[in-house]
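What follows is a single structure, written as structure tokens, with notes after it.
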Amino acid sequence: MNDNVTVVVITEGPSDQAFVKNLLGPYLAEQGILLIPIILHKPGESGGDVRFARVKNDIEKHLKQRPDTFLTFLVDYYKIGSDWPGYAESNQQSTHTRKAEIINLATAEEAKRLFPKLNPTRRFIPYVSMHELEALYFSDPVCLAEKLGARQADIDAILTQCGEPEKINDNTDTAPSKRLKKLRKRIGFKKTITGIAIAQAIGIPKMRSKCPLFHDWLTKLESLARNNKNLAKSSR
Numbered sequence: 091m092n093d094n095v096t097v098v099v100i101t102e103g104p105s106d107q108a109f110v111k112n113l114l115g116p117y118l119a120e121q122g123i124l125l126i127p128i129i130l131h132k133p134g135e136s137g138g139d140v141r142f143a144r145v146k147n148d149i150e151k152h153l154k155q156r157p158d159t160f161l162t163f164l165v166d167y168y169k170i171g172s173d174w175p176g177y178a179e180s181n182q183q184s185t186h187t188r189k190a191e192i193i194n195l196a197t198a199e200e201a202k203r204l205f206p207k208l209n210p211t212r213r214f215i216p217y218v219s220m221h222e223l224e225a226l227y228f229s230d231p232v233c234l235a236e237k238l239g240a241r242q243a244d245i246d247a248i249l250t251q252c253g254e255p256e257k258i259n260d261n262t263d264t265a266p267s268k269r270l271k272k273l274r275k276r277i278g279f280k281k282t283i284t285g286i287a288i289a290q291a292i293g294i295p296k297m298r299s300k301c302p303l304f305h306d307w308l309t310k311l312e313s314l315a316r317n318n319k320n321l322a323k324s325s326r
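Going by the numbering used here, the sequence shown wraps up at 326, each residue one higher than the last.
So, in structure tokens, the structure goes:
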């Protein structure tokens with residue numbers, strides 16, 4: 091039995107795919123986890139407004155392809171489709187942790203209902219990030235200020251107001267990526283270039299230490315490798 095675990099990661103767009111490929115992939119590969127990032131199939135559309143009607147097709151397709159692989163996704167809560175399982179209830183919550191709990195649990199339950207023969211209970215780990223991937227970049231204000239060429243005091247003020255990176259909200263003017271663009275207004279902020287460079291400078295361990303929901307997701311992925319290794323040992 092192969093000790094490595096293969097996890098297909100459905101990503102919302104190019105920046106999320108680059109994050110998985112350049113940061114998460116190498117980080118989890120050290121633990122025997124192979125990540126395969128695949129951009130969500132959205133015919134004729136760009137990022138944002140990610141509707142579950144489309145995502146469920148990709149979930150089914152990738153669960154069907156190989157029964158020995160696992161599946162997760164990296165989708166932002168910001169501008170997520172209103173048809174998403176649990177969206178109405180989660181959107182009424184006052185805390186980001188409760189929003190995440192409701193929408194991820196509802197997504198897992200919907201996958202179980204739609205695809206019971208594909209064993210989503212064991213193979214599928216949903217992850218809707220609060221509130222955007224770019225929230226993770228606020229994990230290190232010193233590094234972020236340096237890479238953006240911004241005042242650290244402005245970044246500290248955002249964190250003081252919001253409390254922690256994953257609490258930075260999903261308003262069209264104050265979502266994490268919108269704030270980053272304002273901080274780097276003179277030069278411009280590109281998610282796939284500036285964003286990934288910032289992420290690489292900060293590193294996954296720092297992000298995990300400041301972003302509990304992100305940490306919990308990675309912990310679940312890491313458990314797949316541990317379980318697989320235990321199974322391999324028992325079969326020898």
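Heads up, the beta-carbon is just placed ideally off N, CA and C, and yes, glycines get one too.
Original post:
From G278 to L303, what does the alpha carbon distance come to, in whole angstroms?
Top reply: 29 Å
Subject >> Whole alpha helix (DSSP H) elements within the region 213-247, 4-residue minimum >> reply: 231-238
Subject >> I129 (DSSP reduced to helix, strand or coil) >> reply: strand
**OP:** Run through the region 162-220 for me and flag every whole alpha helix (DSSP H) of 4 or more residues, listed as ranges in chain order.
**Re:** 177-180, 186-204 and 210-213
Original post:
In chain order, what residues of the same chain lie with their CB nearer than 8 Å to the CB of L195, ignoring the 5 residues before and after it?
Top reply: G176
Original post:
So does P104 have its beta carbon nearer than 7 Å to some heavy atom of the ligand ZN?
Top reply: Because no ligand of any kind appears in the structure shown, any question about the ligand ZN cannot be addressed here.
Subject >> Inter-residue spacing [alpha-carbon to alpha-carbon] between A240 and I292 >> reply: 16 Å
Original post:
Helix or strand or just coil, what does DSSP make of F142?
Top reply: helix
Original post:
Applying the criterion that 16 or more other CB atoms from any shown protein chain within 10 Å of the CB defines a buried residue, is D106 buried or exposed?
Top reply: buried
Original post:
What does a CB cutoff of less than 6 Å around E179 pick up in its chain, not counting 5 residues either side in sequence?
Top reply: I192
Subject >> Burial state of K237 (16 or more Cβ within 10 Å) >> reply: buried
Original post:
Okay, do the region 241-253 and the region 195-209 touch, 3+ Cβ pairs below 8 Å being the bar?
Top reply: no
Original post:
Cβ atoms of S229 and K300: under 8 Å apart, would you say?
Top reply: yes
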